[in-house]
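The sequence shown stops at residue 202 when you use numbering that gives the first Met the number 0, and every number in between is there. Ideal placement from N, C-alpha and C gives every residue a C-beta, glycine not left out. The next block holds one structure in the form of structure tokens; read it before the comments.
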Amino acid sequence: MSFEERILMELKAEITARAERRRRTGRRLFTGAAVAGLAAAAAIAVPLLTGAEQSAYAVTKNADGTINVKLNEFRDADKLEQDLTRMGVPADITYLKPGKSCKGERGEIVGGGSPKEWKDSASDKAARLLLTGLEIDPRYVGKGQTLVMAFSERKDQTSASKKPEVKWQFSAYVVNGQVKPCVVVADPLWNDVDGPGRPPAGN
């Protein structure tokens, strides 16, 4: 092979190699651009989705000092507790699955150990039901006390049972001192609407 032929072969090989490098580099850049585009789309989508999501609740303070809590969904209990505490009402909120309740008393209840005993006491007046949520009166939750509330909702509202069923359950009372954690147990009286010792059923 002559010198000229060898140079020509090397030149062809170099041209082929350069073309291959350009092809590969272009593919990598295209892939990188696609990934960057997806990342940008995700970055835009997150706040849009977050902004469109309905808040679980809304809290407003009335001129007389009472607090209205509108409940849209049974979630974000910890955040609602923090908001109520900042508004002067230390609260312990538990959202339960249908047919569940907290076991026993969760502390020293102001007014007594049953709804009958605490009637007309702070436990009876601290929170009351509204059509869209509840009204809380901070005057009945004193220093060192906590408003304890539990909610449970029946997800299936389409049952055609002849017997009236509880759609959701609510209980509230004021506890002196430390509040015990909620130990979730089955509620055997779940379908007993306004039964003995039961708080009124939601509707």
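For the candidate residues the options, whose alpha-carbon lies nearest to that of residue i?
i      : options                        : result
Asp123 : Lys179, Met148, Cys101, Gly64  : Met148
Asp82  : Leu95, Lys115, Ala55           : Ala55
Ser120 : Lys179, Gln168, Gly141         : Gly141
Leu145 : Ser100, Thr59, Val173, Asn67   : Contrary to the premise, residue 145 reads as Thr rather than Leu in this sequence. With distances taken between Cα atoms, Thr145 lies closest to Val173.
Ile66  : Pro114, Asp75, Ala90           : Ala90
Gly110 : Leu70, Tyr139, Leu130          : Tyr139
Val184 : Asn61, Pro97, Gly64            : Pro97
Leu79  : Asp63, Thr59, Gly64            : Thr59
Asn61  : Pro187, Leu188, Val178, Ile135 : Ile135
Asn190 : Lys179, Val182, Ala171, Trp167 : Trp167
Asp75  : Gln53, Met86, Gly64            : Gln53
Ala125 : Gly103, Pro187, Glu152, Val68  : Val68
Asp77  : Ile92, Lys118, Ile108, Arg85   : Ile92
Glu253 : Pro187, Leu95, Gln177          : Lying outside 0 to 202, the shown extent of the chain, residue 253 is not represented and no answer is given.
Thr84  : Glu107, Gly103, Pro137, Asp63  : Pro137
Val182 : Asp63, Thr131, Leu188, Arg105  : Arg105
Pro187 : Val88, Lys99, Gly87            : Lys99
Val88  : Phe169, Gly143, Leu128         : Gly143
Met86  : Ser113, Gly64, Gln177, Lys179  : Gly64
Leu133 : Pro180, Phe150, Asn175         : Phe150
Pro180 : Thr131, Cys101, Ala57          : Cys101
Arg127 : Glu116, Val178, Ala171         : Ala171
Phe169 : Gly176, Gln177, Leu130         : Leu130
Gly176 : Ile108, Lys115, Leu70          : Ile108
Val178 : Gly103, Ser113, Pro114         : Gly103
At what residues does the alpha helix (DSSP H) containing residue i begin and finish?
i      : result
Glu80  : 76 to 85
Ser122 : 121 to 124
Residue range of the beta strand (DSSP E) that residue i falls in?
i     : result
Lys60 : 56 to 60
Thr93 : 90 to 95
So, helix, strand or coil for residue i, using DSSP?
i      : result
Arg138 : helix
Ser170 : strand
Val109 : coil
Leu188 : coil
Lys69  : strand
Leu130 : coil
Thr157 : Unreliable positioning characterises Thr157 in this predicted model, as indicated by a pLDDT of 47, which lies under 50. A coordinate reading is not provided.
To which residues does DSSP link residue i through a beta bridge?
i      : result
Gln144 : Asn175
Glu152 : Trp167
Gly64  : DSSP lists no partner for Gly64.
Val183 : Cys101
Quick one: is the Cβ of residue i within less than 7 Å of any heavy atom of the ligand PLP?
i     : result
Glu72 : The ligand PLP is not part of this structure, which contains no ligands at all.
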